[in-house]
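Undergrad: Counting from 328, one number per residue, gives the positions in the sequence shown under this note's numbering. Ideal Cβ positions, reconstructed from N, Cα and C, are used throughout, including at glycine. Pasting in a structure now, in structure tokens, and then I'll have a few things to ask.
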Amino acid sequence: MLRWSLADVPWDTFDPAKVDPDILRIVKAASMVEINADDYVRYLERVFAQDAELLGAIAHWGEEEAQHGNALAAWAKLADPDFDFAAARAAFAAGFQIDTEVDRSIRGSRTGELVARCIVETGTSSFYSALAEAAEEPVLRFICRKIAADELRHYKLFYDGAKQYQKAEGISAWARFKVALARIVESEDDELAYAYYAANAVTVPYERKRWTREYAARAYAIYKRPHIDRGIAMVLKAVGLNPTGWLHRALSGAAWAFMQRRMRVLGRERAAA
Ligand SMILES: [Fe+2]
Ligand SMILES: [Fe+2]
Numbered sequence: 328m329l330r331w332s333l334a335d336v337p338w339d340t341f342d343p344a345k346v347d348p349d350i351l352r353i354v355k356a357a358s359m360v361e362i363n364a365d366d367y368v369r370y371l372e373r374v375f376a377q378d379a380e381l382l383g384a385i386a387h388w389g390e391e392e393a394q395h396g397n398a399l400a401a402w403a404k405l406a407d408p409d410f411d412f413a414a415a416r417a418a419f420a421a422g423f424q425i426d427t428e429v430d431r432s433i434r435g436s437r438t439g440e441l442v443a444r445c446i447v448e449t450g451t452s453s454f455y456s457a458l459a460e461a462a463e464e465p466v467l468r469f470i471c472r473k474i475a476a477d478e479l480r481h482y483k484l485f486y487d488g489a490k491q492y493q494k495a496e497g498i499s500a501w502a503r504f505k506v507a508l509a510r511i512v513e514s515e516d517d518e519l520a521y522a523y524y525a526a527n528a529v530t531v532p533y534e535r536k537r538w539t540r541e542y543a544a545r546a547y548a549i550y551k552r553p554h555i556d557r558g559i560a561m562v563l564k565a566v567g568l569n570p571t572g573w574l575h576r577a578l579s580g581a582a583w584a585f586m587q588r589r590m591r592v593l594g595r596e597r598a599a600a
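In structure tokens form, the structure reads like this:
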């Protein structure tokens, strides 16, 4: 049983005058990534094949992620009746796929896998919290608040799982930190850039650098410092480090400075392109 459904969304309050075209583009991209959770469900079912309890939670998680995709796509369709979700989804699937035929986690351990999932949920909960605040369109704000709350619960699910597996596997803090860092760096891999491309511009050839830039310039723009502070605290907690001490202050400051610098560079690159 899902906590909310598309029927709970106050669609009749939709205000087309408040749709921001840059936000509409990143919402279309987000709908692609969310609906793609099917592949991650298949992958996780193989990694945790022996864990019946977690498999049940993973199936439920997958349904919630798919609902996120459907809600965002329905909003995007309302904002842009020409948006062809099915065609965009097919273009995304044709150009981006993860390997689901695995025997074990690509993170080296099940604990590592769950830590990596915590990083993804940190990213999504920060993204939808930021989007709920940045958007002015009331229906999108409603949807983003519902999704952000789900993403926070997903983080908790994987965090609790990581703690349990940690007891059995005894993965070092350094190894967990490396997994987290690797997953953060991967956020500029093809998945988001290709989702953005497939949802917005499939008539021209894909170029990773260009579409990473187009996506990132719009996505980074929605964040404020508190979203970064909270995200860094969640990352530190996921790897078993103090989420409130000096390390948190240092990393939050560094992450915020990095994002600001990245925004300036992206702005210059877009102006030159
Ligand atoms: Fe989601
Ligand atoms: Fe999630």
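To the nearest whole angstrom, what separates the beta carbons of Val346 and Ala406, a pair I think is in contact under 8 Å?
TA: The pair is a contact, with the Cβ atoms about 5 Å apart (cut-off 8 Å).
Undergrad: Would you identify the three-state DSSP class for Val360, choosing helix, strand or coil?
TA: Residue state, collapsed to three classes: helix.
Undergrad: Would you mind stating whether Ala489 and Thr438 have Cβ atoms separated by less than 8 Å?
TA: It is a contact, given that the beta carbons lie within the stated cut-off.
Undergrad: When DSSP labels each residue in this structure, what does Ile498 get in the three-state scheme?
TA: Correct three-state label for Ile498: coil.
Undergrad: Report back the beta-carbon spacing between Gly422 and Tyr533 to the nearest angstrom; my notes put them in contact at under 8 Å.
TA: The pair is a contact, with the Cβ atoms about 6 Å apart (cut-off 8 Å).
Undergrad: Do Thr449 and ligand 2 come close, with the Cβ less than 7 Å from some heavy atom?
TA: Every heavy atom of ligand 2 is 7 Å or more from the Cβ of Thr449, so no.
Undergrad: Could you tell me if Arg595 is buried or exposed, where buried requires 16 or more neighbouring beta carbons within 10 angstroms of its beta carbon?
TA: Burial call: exposed.
Undergrad: Over what stretch of residues does the alpha helix (DSSP H) that includes Asp517 continue unbroken?
TA: Start and end: 517-527.
Undergrad: Contact defined as beta carbons within less than 8 Å: I believe Cys471 pairs with Leu484. What is the distance between those atoms, to the nearest angstrom?
TA: In fact, because the Cβ distance is near 20 Å, the residues do not count as touching under 8 Å.
Undergrad: Taking its Cβ as the centre, do 16 or more other Cβ atoms sit within 10 Å of Leu441, making it buried, or is it exposed?
TA: By the neighbour-count rule (16 or more Cβ atoms within 10 Å), Leu441 is buried.
Undergrad: Would you be able to state if there are at least three C-beta pairs under 8 Å between the segment 491-499 and the segment 511-522?
TA: Touching, no.
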